[in-house]
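Numbering (this note's numbering), first residue to last: 3 to 366.
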Amino acid sequence: MMVNDKILELKNLVKKFGNVTAVNDLSIPCIKRGEFLTFLGPSGCGKTTLLRMIGGFYYPSSGNIIMDGEIINDIPPEKRKTSMVFQNYALFPHMNVFENIAYGLRVKKLPRKEIEKRVLNVLGVVQLEGLEHRKPNQLSGGQQQRVALARCIVIEPQIVLLDEPLSNLDASLRVMMREEIRKIQKSLGLTTIFVTHDQEEAMSMADRIVVMNDGKIEQIGTPLEIYEKPTTLFVAAFIGYVNLLKGKIKSRQNEPLTIATDLGEFFNMNEELKGFKVGDEATILIRPEAAWLEKASLKRERNTFKGRIMSFTYIGYIARYYVEVEGQELPFIIEISNPGGRGILKKGEQVTITLPSKFHCIRT
Ligand SMILES: Nc1ncnc2c1ncn2[C@@H]1O[C@H](COP(=O)(O)OP(=O)(O)OP(=O)(O)O)[C@@H](O)[C@H]1O
Ligand SMILES: [Mg+2]
3 MMVNDKILEL KNLVKKFGNV TAVNDLSIPC IKRGEFLTFL GPSGCGKTTL
53 LRMIGGFYYP SSGNIIMDGE IINDIPPEKR KTSMVFQNYA LFPHMNVFEN
103 IAYGLRVKKL PRKEIEKRVL NVLGVVQLEG LEHRKPNQLS GGQQQRVALA
153 RCIVIEPQIV LLDEPLSNLD ASLRVMMREE IRKIQKSLGL TTIFVTHDQE
203 EAMSMADRIV VMNDGKIEQI GTPLEIYEKP TTLFVAAFIG YVNLLKGKIK
253 SRQNEPLTIA TDLGEFFNMN EELKGFKVGD EATILIRPEA AWLEKASLKR
303 ERNTFKGRIM SFTYIGYIAR YYVEVEGQEL PFIIEISNPG GRGILKKGEQ
353 VTITLPSKFH CIRT
């Protein structure tokens, strides 16, 4: 990595409101220029507070925000290289689209001609040409969203801060806007920090996801790492559903790793789990789409256990089965694709669940 690839660093950031610690000693060593980073976490975990500190709207209780190698804690928002779209996108209701977008440029006292040129250009980028004379209340939710985005990027910031910018849109517009934002971000090379509590939104948009919980970082990683290799149970359960099976490492001679559980021994060819030693407690994580389900057979084969179908949901492209397994508190949830082609198993049927030969475990 080249030195100037790094644009932002957060170092031991803390933000307290009275006795509430909204952000708790949080560090991100390197946010890269042009990167699309997502803060993902449940309501109240500190996402907005963190974003507002980066934008200069809150002063940190302690710690540092370092941009291009300089501590910027004292720099006011308008003098930072950041621009923020707020959670409720806060358009000025009495101004038309043009004036809303031009606002930041007027504050900077740019010449009138230059303002006009830049506003018209950005209207093209967000595909709102022709709507510049409308007031916010004469626009659809998606159009207002794009005005907020245009107002943010027109000042040509280096870092764009977006706080749940799609939360007020309906499902299909949301998906369209995801792609639109990503396209604009890539074409302008904007470093983007995007806050959401929607895991699918985070997965589909981000280069890296920062999973937050209770003012702290649980894990930072690519969408693939976060989904396939969560490092904590919180991350595993927050990103989609996961079946958990408690066990203990029994042996690891010559591979595979053997894990003893209440349901028998399971063999794991996953070479990424070298750190585990015999005797370690490990929880096996199995995503619903990662295991196989079929009518019970008499023979016990490797990595299988038995259960009974409690219920299922047919969703067309998959069938989701809830399988009761003796000795387990929760049913196993298994999804099988193309149920129309494969045939649907019935409620009450005895089944065999087969785990994959490689699976992920968390030290517990
Ligand atoms: N100005 C404030 N005064 C007091 N407490 C605050 C203030 N702002 C935020 N908090 C508290 O700090 C914590 C983090 O809030 P924050 O708004 O950062 O959460 P969030 O992750 O953005 O949540 P959401 O997904 O609901 O928007 C919460 O417990 C909240 O109640
Ligand atoms: Mg918030």
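Ideal Cβ placement from N, Cα and C applies to all residues, glycine included.
**OP:** Let me know the secondary structure DSSP gives residue 47 once reduced to three states.
**Re:** For the purposes of this step, residue 47 is taken as residue 45 along the sequence shown, with counting starting at 1. Reduced to three states, the DSSP call for residue 47 is coil.
Original post:
Using DSSP with H/G/I as helix, E/B as strand and the rest coil, what is residue 313?
Top reply: Numbered from its first residue, the sequence shown carries residue 313 at position 311. Looking at residue 313 - three-state DSSP - the assignment turns out to be strand.
**OP:** Indicate, with yes or no, if ligand 1 has a heavy atom lying under 7 Å from the CB of residue 49.
**Re:** Mapped onto the sequence shown, residue 49 falls at position 47. Answer for residue 49: yes, Cβ within range of ligand 1.
Subject >> Endpoints, the alpha helix (DSSP H) within which residue 189 is located >> reply: As a position in the sequence shown, residue 189 is number 187, starting the count at 1. Per DSSP, residue 189 belongs to the alpha helix (DSSP H) from 173-190.
Original post:
Are residue 320 and residue 245 closer than 8 Å when you measure CB to CB?
Top reply: The residue you call residue 320 lines up with position 318 of the sequence shown. The residue you call residue 245 lines up with position 243 of the sequence shown. Not closer than 8 Å, so no.
Subject >> Straight-line gap, residue 230 to residue 362 (C-alpha atoms, nearest Å) >> reply: Taking the first residue of the sequence shown as 1, we reach residue 230 at position 228. Taking the first residue of the sequence shown as 1, we reach residue 362 at position 360. Approximately 7 Å between the Cα atoms of the pair.
**OP:** Can you tell me which of the three DSSP states residue 123 falls into?
**Re:** One-based indexing of the sequence shown puts residue 123 at position 121. The answer is helix: DSSP assigns residue 123 an H, G or I state.
Original post:
By Cβ distance below 6 Å, which residues in the same chain neighbour residue 285 in space, the five residues on each side in sequence not counted?
Top reply: Locating residue 285 in the sequence shown gives position 283, where the first residue counts as 1. Correct list, in chain order: 246, 248, 364 and 366.
**OP:** Since I believe residue 38 is in contact with residue 209 (beta carbons under 8 Å), could you give me their beta-carbon distance rounded to a whole number of angstroms?
**Re:** Within the sequence shown, the letter at position 207 stands for residue 209. Within the sequence shown, the letter at position 36 stands for residue 38. With 8 Å as the limit, residue 209 and residue 38 qualify as a contact, their Cβ atoms being about 5 Å apart.
**OP:** Would you identify the three-state DSSP class for residue 99, choosing helix, strand or coil?
**Re:** Taking the sequence shown and counting its residues from 1, one reaches residue 99 at position 97. Correct three-state label for residue 99: helix.
Original post:
Are the segment 196-213 and the segment 112-129 touching, with three or more C-beta to C-beta distances below 8 Å?
Top reply: no
**OP:** Determine the DSSP secondary structure at residue 289, reduced to helix, strand or coil.
**Re:** Counting from one through the sequence shown, the residue named residue 289 turns up at place 287. Coil.
Subject >> Inter-residue spacing [alpha-carbon to alpha-carbon] between residue 159 and residue 289 >> reply: In the sequence shown, residue 159 corresponds to position 157, counting from 1. In the sequence shown, residue 289 corresponds to position 287, counting from 1. So the two alpha carbons sit approximately 40 Å from each other.
**OP:** May I ask you to verify whether the segment 100-115 touches the segment 40-50, counting CB pairs closer than 8 Å and requiring at least 3?
**Re:** no
Original post:
Going by the C-beta, is residue 1 closer than 7 Å to any heavy atom of ligand 1?
Top reply: Given a span of 3 to 366 for the chain in the structure shown, any question on residue 1 remains unanswerable.
Original post:
Would you report the Cα separation of residue 60 and residue 172, rounded to the nearest angstrom?
Top reply: Walking along the sequence shown from the start, residue 60 turns up at place 58. Walking along the sequence shown from the start, residue 172 turns up at place 170. Computed Cα separation, rounded: 31 Å.
Subject >> heavy atom of ligand 1 below 7 Å from residue 59 C-beta >> reply: Position 57 of the sequence shown, counted from the start, is the residue given in the question as residue 59. Outside the cutoff, so no.
**OP:** Examine the Cβ distances between the segment 51-70 and the segment 7-17 and report whether three or more of them are shorter than 8 Å.
**Re:** yes
Subject >> Near ligand 2: residue 200 beta-carbon under 7 Å from a heavy atom >> reply: Along the sequence shown, read from residue 1 onward, the residue named residue 200 stands at position 198. Checking the Cβ of residue 200 against ligand 2 gives no.
Subject >> Any alpha helix (DSSP H) of 4 or more consecutive residues that is wholly inside the segment 205-242 >> reply: 225-230 and 235-240
Original post:
Quick one: is residue 271 buried, meaning 16 or more other Cβ sit within 10 Å of its Cβ, or exposed?
Top reply: Numbered from its first residue, the sequence shown carries residue 271 at position 269. Residue 271 should be labelled exposed.
Subject >> Alpha carbon of residue 252 to alpha carbon of residue 352, nearest angstrom >> reply: Taking the sequence shown and counting its residues from 1, one reaches residue 252 at position 250. Taking the sequence shown and counting its residues from 1, one reaches residue 352 at position 350. In a straight line, the C-alpha of residue 252 is about 29 Å away from that of residue 352.
Original post:
Taking all protein chains shown into account, do 16 or more other C-beta atoms lie within 10 angstroms of the C-beta of residue 55, making it buried, or fewer, making it exposed?
Top reply: Here the question's residue 55 lines up with position 53 in the sequence shown. Buried, since its Cβ has 16 or more Cβ neighbours within 10 Å.
**OP:** Evaluate residue 85 with the Cβ neighbour count: other Cβ atoms within 10 Å of its Cβ, from every protein chain shown; 16 or more gives buried, anything less gives exposed.
**Re:** Here residue 85 is taken as the residue at index 83 of the sequence shown, counted from 1. With 16 or more other Cβ atoms within 10 Å, it is buried.
Original post:
On the premise that residue 191 lies in contact with residue 36, defined as a C-beta separation below 8 Å, what is that separation, rounded to the nearest angstrom?
Top reply: Taking the first residue of the sequence shown as position 1, residue 36 is located at position 34. Taking the first residue of the sequence shown as position 1, residue 191 is located at position 189. Between residue 191 and residue 36 the Cβ distance is about 5 Å, and since that is below 8 Å, they are a contact.
Original post:
Beta carbon of residue 89: closer than 7 Å to some heavy atom of ligand 1?
Top reply: In the sequence shown, the residue the question calls residue 89 occupies position 87. Within the cutoff, so yes.
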